[in-house]
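If you use numbering that gives the first Met the number 0, the sequence shown closes out at 343, no skipped numbers anywhere.
Each residue gets a CB set at the ideal place from its N, CA and C atoms; glycine is no exception.
Structure first, commentary second.
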Amino acid sequence: MTYQGESLTRKGEIERIKKAGEPLVQSYCASRLEKGIDILVENTNTIQEADAEGSTYDLITKGIHLSYTNQRLLQSKSTLIEYCEPVVQLHFSVRCSSEYRALGQSRPFATFAPCQHNLLILPPFTLDLAWEPHQHLELFSINIAPSLFFNYLPPSHPFYHAFRQHLEDKVPRSLRENGLPITPRISTILYELLHCELGGCYKRLFVEAKIVELLALQLGQYEQLSTLPSWGDLKKEDVEKMHLVRETMLANLDKTFSLKDLAHQAGTNEYNLKSHFKRVFGNTVFGYLHEHRMEQSKKLLSEGEEKVSEVARLMGYKHATHFTVAFKKHFGFLPHKIRAGLGD
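What follows is the structure, encoded as structure tokens:
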């Protein structure tokens with residue numbers, strides 16, 4: 000895929016146009032997703048421009064367009080995306096903040112902080128995006144043709160008719176104005192999508208299965224958190240403190256933490272740490288850490304390079320037996336079953 004212009008991998012699907020002094024304009028036509036054949040096209044590009052450097056990855060197959068961006072912005076950046084037909088987008092903002100608004104509108108219909116996701120209903124309209132300079136832009140967007148999306152969502156689901164109505168209203172909407180927290184499980188699925196080694200029809204099956212899982216996690220998390228207060232009214236510095244706590248824990252999975260120490264490092268108190276962390280990430284401090292440790296240990300064991308005892312040590316367990324008990328409680332099977340086979 001090129002980044003400077005021309006038509007993309009399938010004629011008429013995406014076209015990028017940029018004139019001097021103007022924001023980048025992308026014309027996105029989803030009709031090729033609807034009518035495409037059952038093949039899978041992938042493209043990876045390196046970006047070295049005046050305003051950004053990094054890479055992009057795109058995967059396109061019938062009904063689905065997965066796009067991954069990993070860039071460092073050297074200057075402020077503006078993008079207009081003209082959607083020719085409606086799409087449903089699963090959006091995951093891994094390491095950037097952004098506001099999604101329709102061109103000409105001051106109020107965003109979706110707001111993302113780092114480590115947040117949302118489900119977007121995008122009718123034919125022009126999306127106006129702008130990023131501040133020196134951000135690390137890392138995000139996934141998965142565009143799904145409406146016909147395929149409504150195959151995934153049964154008519155009996157409470158959101159089915161609401162989503163259909165939103166598409167007919169021709170007004171962009173989000174599942175939730177403030178994004179939902181990206182959980183360790185969601186992070187694992189995004190990683191698996193990015194590093195899948197399968198090819199052809201097998202990769203298409205894998206991608207579809209993971210997208211359905213992501214959709215299930217998104218909708219389930221929305222229902223679970225809909226009764227909890229949003230993070231939206233927290234001060235920016237309080238949200239940043241919670242991200243510092245998260246980064247500290249994930250960078251030191253072999254260490255033991257206390258709420259008192261984490262609060263002190265972040266410059267807050269234990270009460271605010273417990274309250275604000277759950278509002279930002281949808282889980283308690285140690286609940287989030289435990290889930291991440293379990294997902295990371297499963298990944299390490301699946302790769303087959305580490306023994307159970309070593310994985311236990313890397314995850315902060317002094318005794319492998321305690322790790323084994325925690326792993327089985329979380330996943331429902333013992334760690335060694337990943338290698339030996341679940342039936343052994």
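- In the three-state reduction of the DSSP assignment, ALA325 falls in the helix class.
- In the structure shown, ASP127 adopts extended strand secondary structure according to DSSP, grouped into three states.
- A straight line joining the alpha-carbon of PHE332 with that of GLU191 spans about 21 Å.
- Nearest to LEU121 by C-alpha distance, out of SER105, HIS291, HIS133, SER140, is SER140.
- PRO183 and TYR159 have their C-alpha atoms some 27 Å from each other.
- Note on ALA250: under 16 other CB atoms within 10 angstroms of its CB, so exposed under the neighbour-count rule.
- Rounded to whole angstroms, the Cβ separation of LEU58 and LEU39 is 7 Å, and the two are in contact under 8 Å.
- Assignment of beta strand (DSSP E) within the segment 131-178, counting only whole runs of 3 or more residues, yields 135-143 in chain order.
- Closest option to ASN69, judged by alpha-carbon separation, among GLU212, ILE63, ARG94, PHE276: ARG94.
- Taken atom to atom, the span from the alpha-carbon of GLN47 to that of GLY53 is near 7 Å.
- Note on ASN117: 16 or more other CB atoms within 10 angstroms of its CB, so buried under the neighbour-count rule.
- In this structure, the CA atom of GLU176 is about 16 Å from the CA atom of PHE280.
- The DSSP-derived three-state label of TYR221 is helix.
- DSSP places LEU272 in the uninterrupted alpha helix (DSSP H) bounded by 269-280.
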